[in-house]
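Numbering (this note's numbering), first residue to last: 165 to 235. Backbone N, C-alpha and C fix where the C-beta goes; we use that ideal spot for every residue, glycine too.
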Amino acid sequence: MRYKVVELSIVTDDNIEEVLNTWTPRGWTFESLHFAMGTGSKRPSMAFLFFVRSRDDTSEAGELLGEEGEL
């Protein structure tokens with residue numbers, strides 16, 4: 165099993181959608197979304213999206229070489 169974590173420092177619905185629509189067509193399966201809350205704020209200051217895929221999946225050769233996961 166391979167894992168990918170994508171960090172968002174600007175948390176909006178558009179940014180979350182962009183990450184999901186970028187990585188799922190590349191063979192990654194969305195697993196979970198976690199928010200980091202700032203002190204005294206009701207809005208999250210960061211978000212982390214977690215993706216998984218089979219270790220055997222080599223549909224994106226460049227990803228196995230270590231593409232950056234930040235948008």
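inquiry  = Please state the DSSP three-state secondary structure of R166.
reply    = The residue labelled residue 166 in the question sits at position 2 within the sequence shown. DSSP, read as helix, strand or coil, puts R166 in strand.
Closest by C-alpha distance to E171, when choosing among T193, W192, A200, P189: The residue you call residue 171 lines up with position 7 of the sequence shown. The option with the nearest alpha carbon to E171 is A200.
Report task. State the beta-bridge partners of E171 as determined by DSSP. Result -> Within the sequence shown, residue 171 is the residue found at index 7, counting from 1. Residue pairing for E171: DSSP places it in a beta bridge opposite F212.
field: Span of the beta strand (DSSP E), counted from its first residue to its last, around T193
entry: To locate residue 193, count along the sequence shown from 1; it is residue 29. Here the beta strand (DSSP E) through T193 covers 193 to 201.
Cα separation between M210 and S173?
Sequence index remark: in the sequence shown, residue 210 carries index 46 (1-based). Sequence index remark: in the sequence shown, residue 173 carries index 9 (1-based). One C-alpha to the other measures close to 5 angstroms.
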